[in-house]
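Chemist:
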Amino acid sequence: MQTSQTHPNKPRYKRIAVIGTGPSGYSATRALSQEGVFDCIRVFERRDNVGGTWLYDSKSDIFQPPKSDQNPKQNRDRKIPANLHNNPQLTDPEPEDPTVYNPTYDTLDTNAGASTMAFTHTPIPWANSLQSIKKYGRGNSSRPWKSVLAYIEDLFIPYLHLVTFRTTVEKIEKEGTEWVLTLRQERAMYRQHGDASEGRRDYWWQERFDAVVAATGHFSVANVPNIEGLEETAKAFPGKFEHSKAWRAADKYIDKTVVVVGGAVSAADLVDDLHAFVKKPLYLSQRTPNPFLAKAWYLPDVERKPDIKGFSPENSGTIHFTDGTELKGFDHVIFATGYKLSYPFMPFEAITPQNRMKGFYQHIFRIGDPSLTVVGQAVTVAWYFAGRSQELPSIEQQDEWEENRILYKGPTEAFHEIKPDFAEYYGWMTDFHGDPAKGTDTYKLPVWEDCWIDSDIEILLAKDRYWGSIGAVGWVEPRADLPAGPGRIGDDNVNVDVHHTPTVRVNNKRPTGMTIAMALASESGPLLHPHLRNITCSPSEPRLHEAYLHAPSASPSSPLGFPTMRSLSVVALLAAASTTSAAVFEAETGTLAGGAVVASDVPGFSGTGYVTDFIDNTAVLTIDVAGLAAGDYEIKVLYNAQYGDKFTILTVNGGSSTEVALPNITATTWETSSAGVFTLTAGTNTVSFARDWGYYLIDAITVTAPPVKPVVVVDVTKGGVAQAEDGIFNGVTAGSSVAGFSGTGYVEGFDVETDKLTFTLHSDTQTLYDVILGYAGVYGGKQTTMSVNGAGGGEVVLLDTSAAASPWANATAGQVLLNVGNNTISFSNDWGWYLLDALYVSPSPPPAPHQVTKVLVAPKPLPETQNLYNTLLAKYGSGTIFSGQADTSGVTWLEQNVGATPAIIGLDMIEYSPTRVEYGSTSTAVEDAIAFDKRGGIVAFQWHWNAPSGLINNDTVPWWKGFYSYGTTFDLTAALADPAGSDYALILRDLDAIAFQLLRLQAAQVPVLWRPLHEADGTWFWWGNFGPESSKALYKLMYTRFTEHHKLRNLIWLWNSVTPSWYPGNDIVDILSYDSYPAAGDHGPVGVQYQALLALGENKKMVTLPEVGSIPDPDILKAYHADWSYFVTWNDEYINADTYNNLAFKKKVYADPTVLKLKDLGNWKGVQSRIKACGASARAAQK
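Residues in the sequence shown are numbered consecutively from 970, following our numbering.
Shown next, in the form of structure tokens:
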């Protein structure tokens, strides 16, 4: 609860339940959370992840024909246990819900554009599938389902602690002023009888709330028409029928007789996917086909049929059409007939037989009881619940609204269709809301814009163009009453056609490099949305460019919605700046290896040939790129991929590899694919292609330099400000629409890996400077990667400013060491979508002396524990650093290849986790620790804690991934909230199991650098997945359990997160730490995090690097005064390969006298063994 926020009124309700975690569930959860006035928000999700309909299921629903003799009930037929109020119960698992599986399939792309689907505060990152690139072109506004799912998952992260997964809301009912939710967690736990297990049980319980938000979406229950004979025929041939919800791929329909039933988008997509694969023809049965999708109905090998009258099981299944024709012996019928609204938990029959939700005012509030809502409009619900919207009209007025809407829209699902009254509906919401409360994170609704409608149909328009390009057989495009002739109006180079849909299409036939600014008018006046549209003619597609403008809604006199058009005019044509020319380098002039050859069989290539036979994995083409000035260049590949979608691996100057997509094209066509922007040197560069996914042809590459921008050098010797808009751009652009920036603008467009902004700074001396970055986090919390003179400087955290009074803020970027003369500081995308304003640079003051406490936080530490701490403290700040290596295999590798033994070994309690032990895991980590201690070394432990229960444990996420957030459904917040509950008992069980191992080490006099719950603020591990409060509570529980209950005295307690809100406090933490994984080969000082940890512990705690990928260079550490106590290099490729730390660098590090090794430790324990003799030795001593 955000108690710092204020509202003018008290909230109408205090305890809120949200059902569902799809897009609607997210928007409801976010909107409610941002109000900051509710005592409790609980979110229930029946699946094991957020995402709603965007979650993928390999399985699909079992086809269920409608019963011919009954109207199916909406409510579930569950036998709910009695007396659940104060008595949760375990029962045998309920049968699986037949509608449980989602309609998402592997190749699904969105049918709405990204700008339409995105939430206002955060755009959906750019991503196109290969198939959408092939069909609609690169950069189209569709998104693959995986991108949408990832988008929702990322947005939900701040609210995951509110969510209870794998929990079905079986029933809601009103008791007095409270809603009672009956909840069931599927197969939640085992019931034990002695050593015997009865198997998984369902867990039932109830919770009470003041208000409920139903956000379960509309894509669960397939709508199958009740056709005569369908039930009987489906029973006789169960594999012949399915709904489009069950579609996964075209494989099983190849060369089969298939009938698609439907006339909307799903049917069009099925026709598109199937018409080339099924036994010809593909049958398409329609009652009222959507004319907007008409070209899909006329695709090649599609036979259109009327509505189906009935089915019969004769002749292996027969379809009877309304025109008297029949189809016998079909293989598959796919119903693309939409979905039924379904709210089975409602306490009443919420859905009418006509598929309308009854009794909800403005499609949101339950008439007579607005504490029950459906979303939809999450902000409206949140504002009403919070008590700061207008009052709802009287019940009589709400009933009248519903009656009038039935008269206007009818009693079917069309009742809920807002179109075409978007502006009116949005206006009602704006008036109902009022202004945001002072101090809250919420926002005022923007003013409605008609152009928002456009982006909703841009993908459908792209589909229409694609279907036309592959031959809509027999389709004749309707035209308005235009003058005779070729249809050119106003200018000989512009062709204006009336499209068959309610849009106007303008085809640009001007040369490349022109921009058309268009406004269209007719004799009847301007069209409905006469806003300006600009199109730039692309160098690769100069001949066809289309823009769309909506016409007015349909009317009896103009069914398609057009006025009578006797003239159209293009009122403006504006020339654009010319494009930069590209340098072309022919593939046939390159160096070939591994079987790659030059050929010339496929026509249309440039030069004298092309390179082919990328068949063997050793096939490589290397092209020399010379004659260019040093700088950044975009490289494009001119290729042919006639055997399907392919990929090639591109490497520039032997650097890191880039995978380049080569979408499938026809055998006689050559296309270009952008590989990205690369830095080239003066002289000769090499661009190499390796097979990857072969069978493609490469004709040439084009290399294009961005426009040359003058370098602005800022002298920061005595401090200075460098404006972002004056920097050098790589893939980014200047902006000025977000007010409050300094200078003349800011830089935006950080959305792909290669995007970068570079500042040039001058210093008269080589010295350290403090750097502060001005930014706006208007799309949420982000990160940017800073590099100094081409070397790594670490990640800079950019906090969310979307709800702040000003979107502009400053982020500490740590210290940088600038050389004499000019220097560069670059900021690269990392986690993009942020705005950069300016860089503030000032000379660093001398570092303040450390004031580290000499007392350990745990009471009565063993002498060995205190001596270890004293040993670390004695060297802290002296310019030395203790070396460390994870795992015994890593230590052995160092000894054999570098000739040195690190001072510290890093080990893991992972395999001692009870939920790993039960699957047979064993470990020798304790024995390894004792052995290294006997050599005089220092022992460090972390614990990849496999969750106490709720392991996913399937083929994708096996049990041994149970320490990841995605590997378990264990609800930490709920477990900690119920100390008498079974989940809390499981936490104690696990803690006790690890304490037992630590007690073994204590008995052997082995002190431990103990780092539990590491990387919690990253949230990728389950102990961080429920937010900072739960994570800190778990740490405190562990600390108390270990120090008070188990009397552990051999632990030095480390905390492993930088973020202040996650810090449990100086009183229970000895050492602060950060796990550093910069880019490969980046051996920088990790300065940003170093400064952040000093501030977090008020310079009273040592700071350390208990995990590193790239080892920091000791010379750089000294230059930056970065007094890290020790580092521990991670295992495998981080130590035994050259990727992150090459052999020469590892030898340099371990040869440095300031890097302390095992041989440098001496007798740091300072005590003799206090372990009593045992066994035969003890008996001998007693004599």
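Where is the CB? At the ideal position from N, CA and C, for every residue including glycine.
Predicted, not measured: the structure shown is a model, and the values here were computed from it.
1) With DSSP collapsed to three states, give me the class of N1432.
2) What's the call for A1218, buried or exposed, on a 16-neighbour Cβ count within 10 Å?
3) Tell me the residue span of the beta strand (DSSP E) that contains I1697.
4) Look up P2075 in the DSSP assignment and say whether it is helix, strand or coil.
5) Beta carbon of G1749, beta carbon of W1802: below 9 Å?
6) Where do the ends of the alpha helix (DSSP H) carrying G993 lie?
7) Please confirm whether F1658 and I1697 have their CB atoms less than 9 Å apart.
8) Skipping 5 residues on each side, what residues in its chain have a beta carbon closer than 6 Å to that of T1648?
9) Across which residues does DSSP place S1732 in a beta bridge pair?
10) Leaving out five residues on either side along the sequence, give the residues of the same chain with a beta carbon under 6 Å from the beta carbon of V1683.
11) What would DSSP say about T1591, mapped onto helix, strand or coil?
12) Can the beta-carbon of I1874 be found closer than 9 Å to that of Y2095?
13) Would you call W2031 buried or exposed, if buried means 16 or more other Cβ atoms sit within 10 Å of its Cβ?
14) What are the uninterrupted segments assigned as alpha helix (DSSP H) that are 4 or more residues long and contained completely in the stretch 1215-1272, given in chain order?
15) Contact between the stretch 1278-1286 and the stretch 1243-1262: three or more CB pairs below 8 Å?
16) Would you give the residue range spanned by the beta strand (DSSP E) that W2024 belongs to?
17) Here's the rule I'm using: 16 or more other beta-carbon atoms within 10 Å means buried, otherwise exposed. How should V1019 be labelled?
18) Any chance you could list the beta strand (DSSP E) runs of at least 3 consecutive residues sitting entirely within the stretch 1172-1216, in chain order?
19) What number of angstroms, rounded off, separates the C-alpha of H1385 from the C-alpha of P1948?
20) Check whether the Cβ atoms of L1863 and A1869 lie closer than 9 Å to each other.
21) Going by Cα to Cα distance, which pick from L2125, T2108, N1923 is closest to G1936?
22) So the alpha helix (DSSP H) M1326 belongs to, where does it begin and stop?
23) Among H1913, A1855, W1912, W1928, which has the Cα closest to the Cα of F1901?
24) In whole angstroms, what is the alpha-carbon distance linking A1627 and K2128?
25) Assess, as a yes-or-no matter, whether the stretch 980-995 is touched by the stretch 1122-1133 under the definition of 3 or more beta carbon pairs within less than 8 Å.
26) Between which residues of its own chain and L2074 is the CB-CB distance below 6 Å, once the five residues before and five after are set aside?
27) Run the CB neighbour count on Y1738, radius 10 Å, all protein chains shown included, and call it buried at 16 or more, exposed below.
28) What are the start and end residues of the alpha helix (DSSP H) that includes A2104?
29) Please go through the same chain and pick out, in chain order, the residues whose beta-carbon is closer than 6 Å to the beta-carbon of W1216, but skip the five residues on each side of it.
30) List in chain order: all unbroken alpha helix (DSSP H) runs of 4+ residues lying wholly within the stretch 2029-2088.
31) To which residues does DSSP link M1755 through a beta bridge?
32) Does DSSP put W1979 in a helix, a strand or coil?
33) Please say whether S1858 and V2118 have beta carbons closer to each other than 9 Å?
34) Ordered along the chain, which non-local residues of its own chain (more than five positions away) have a Cβ less than 7 Å from that of T1068?
35) For Y1938 versus G1919, is the C-beta spacing smaller than 9 Å?
36) So L1825 and Y1838 are in contact, right, with Cβ under 8 Å, and what is the actual spacing, rounded?
Modeler: On the basis of the data shown:
1) A small fix is needed here, since residue 1432 is Lys in this sequence, not Asn. The answer is helix: DSSP assigns K1432 an H, G or I state.
2) exposed
3) 1697-1699
4) strand
5) yes
6) In the sequence as presented, Gly is not what sits at residue 993; that position holds Ser. That run of the alpha helix (DSSP H) goes 992-1004.
7) no
8) Closer than 6 Å at the Cβ level, and outside the excluded window around T1648, lie D1601.
9) G1790
10) G1689, A1691, L1730, listed in sequence order.
11) Residue state, collapsed to three classes: strand.
12) no
13) buried
14) 1234-1243, 1263-1266
15) no
16) 2020-2024
17) buried
18) 1180-1183, 1210-1212
19) Cα-Cα distance, rounded: 46 Å.
20) yes
21) Out of L2125, T2108, N1923, N1923 has the C-alpha closest to the C-alpha of G1936.
22) Neither: M1326 is in no alpha helix (DSSP H) and is coded neither H nor E.
23) A1855
24) Note that residue 1627 is Thr in the sequence shown here, rather than Ala. The alpha-carbon atoms of T1627 and K2128 are separated by roughly 43 Å.
25) yes
26) S2045, W2093, F2096
27) buried
28) Residue identity check: residue 2104 is Ile in the sequence provided, not Ala. Per DSSP, I2104 belongs to the alpha helix (DSSP H) from 2102-2105.
29) Result list for W1216: Y1074, in chain order.
30) 2056-2065
31) G1763, F1796
32) strand
33) no
34) Answer for T1068: D1030, S1189, V1190, listed in chain order.
35) For the record, residue 1938 in the displayed sequence is Thr; it is not Tyr. A contact, by the Cβ cut-off of 9 Å.
36) 6 Å
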